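This report refers to the structure that appears directly beneath it.
Dropping the structure here:
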């Protein structure tokens, strides 16, 4: 067997195996989220329970969390509208007046439409200090095209400026180019056809992209190719060069650009593992990064949090649920544990 034939055989075998993983088959198995549509949903009962929770002598935080963390985002929006119709009061403002601190922040995040939460987090990342390559890239790289379009539309409406303009003014270099390209949402759609020639061309182009004028190559490949193709490129890059593409990134780039490309590679390789790493990092800080914990657990609770939990347990030898129990304090802890849902043994 020739070397070329052996490499192609290995690539084909890896290709077949990559399509057998059940963790990615959300279409067949429904959602891999921890939070699903509440089947016994009664908007009137939920409105009454929330009204009672905030209208008594003491605020019933457990009742509030029990409702909001056991309903889908769509159901929470229905509750919010019904609350206003029945009481002429804004549910979000009523709960903000009744709560404080991290609990108030997580309740606000739960009641906001997903695009509004993403737009706010994106704005904070771009206008904050040192988080654009982390939070902004997380949002722009992990949302579906429709989710991203809605987020950017809300961003423009709420802040009276295109996100692209803020990216241009707040970032620079390859980080700016990466974020702008991701914000355009121009990834190629997966056709189901495996283009081994294009994969080989991309690998060769990345190997040769050494000088300053070749950064465009990295931006193009990482932001335009479909995820299935990029997984193939990442896997075969190591086969052809003898080392992971991430090693080349660390040698070739520095600072925010290096972090952004490594994060993108992580998202492409295994999105649940990427979020498991982010959650672990948030829990390891001296004071837990509550904003990161809230954003990730809420945004992934209806999509792939079960997969994230599995990756967390596998990599760190401890369940996400137990890690939250140990690190997080106060009423916010109840909310985050409710979103996480259960222990992984």
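In this note's numbering, the protein residues as written are 100 to 444. Where a beta carbon is used, it is the ideal one built from N, C-alpha and C, also for glycine. Because the structure is a prediction, the values reported are computed rather than measured.
Check	Outcome
Per-residue DSSP class, three states only, for residue 421	helix
Whole-Å CB distance - residue 402 paired with residue 132, under 8 Å assumed	5 Å
The segment 194-207 touching the segment 230-244, judged by at least three CB pairs closer than 8 Å	no
Three-pair Cβ contact test at 8 Å for the segment 284-292 versus the segment 365-372	no
Of the residues 263, 444, 433 and 442, the one placed nearest residue 164, counting alpha carbons only	433
Residue from 315, 333 and 217 with nearest C-alpha to residue 258	217
Proximity below 8 Å, CB of residue 231 to CB of residue 274	yes
Reduced DSSP secondary structure (H/G/I, E/B, other) of residue 101	In this prediction, residue 101 has a pLDDT of 38, which is less than 50 and means its spatial position is unreliable; nothing more can be read from the coordinates.
Pairwise C-alpha distance: residue 270 and residue 227	11 Å
Residue environment, residue 138, which counts as buried when at least 16 other CB atoms sit within 10 Å	exposed
Alpha helix (DSSP H) segments (min. 4 residues) lying fully within the segment 178-247	190-197, 200-210, 213-226 and 236-241
Alpha-carbon to alpha-carbon, residue 169 and residue 344	41 Å
Per-residue DSSP class, three states only, for residue 259	coil
Contact between the segment 417-436 and the segment 387-394 (3+ Cβ pairs under 8 Å)	yes
Which of helix, strand or coil DSSP assigns to residue 292	coil
Range covered by the alpha helix (DSSP H) that runs through residue 354	354-368
Distance between residue 143 and residue 375 (C-alpha atoms, nearest Å)	37 Å
Assigned exposure category for residue 234 - 16 Cβ within 10 Å defines buried	buried
Extent of the continuous alpha helix (DSSP H) to which residue 406 belongs	404-415
Cβ neighbour criterion (16 or more within 10 Å) applied to residue 146	buried
Of the residues 338, 178 and 362, the one placed nearest residue 349, counting alpha carbons only	362
Separation of residue 171 from residue 440, as counted between CA atoms	14 Å
Same chain only: Cβ atoms within 8 Å of residue 122, ignoring 5 sequence neighbours per side	Residue placement at residue 122 is poorly supported in this model, since its pLDDT is 40, which falls under 50; the coordinates are not used for a value here.
Rounded distance between the beta-carbons of residue 322 and residue 360, thought under 8 Å	Wrong, their Cβ atoms sit about 11 Å apart, outside the cutoff.
Simplified DSSP state of residue 374, which is helix, strand or coil	helix
Candidates 155, 141, 150 and 187, of which the one nearest residue 174 by Cα	141
DSSP three-state assignment for residue 379, whether helix, strand or coil	helix
Spatially closest choice to residue 167 from 249, 184 and 211, by CA coordinates	211
Environment of residue 377 [buried if 16+ CB atoms lie within 10 Å]	buried
Residue nearest to residue 213 in terms of C-alpha spacing, selected from 223, 249 and 181	249
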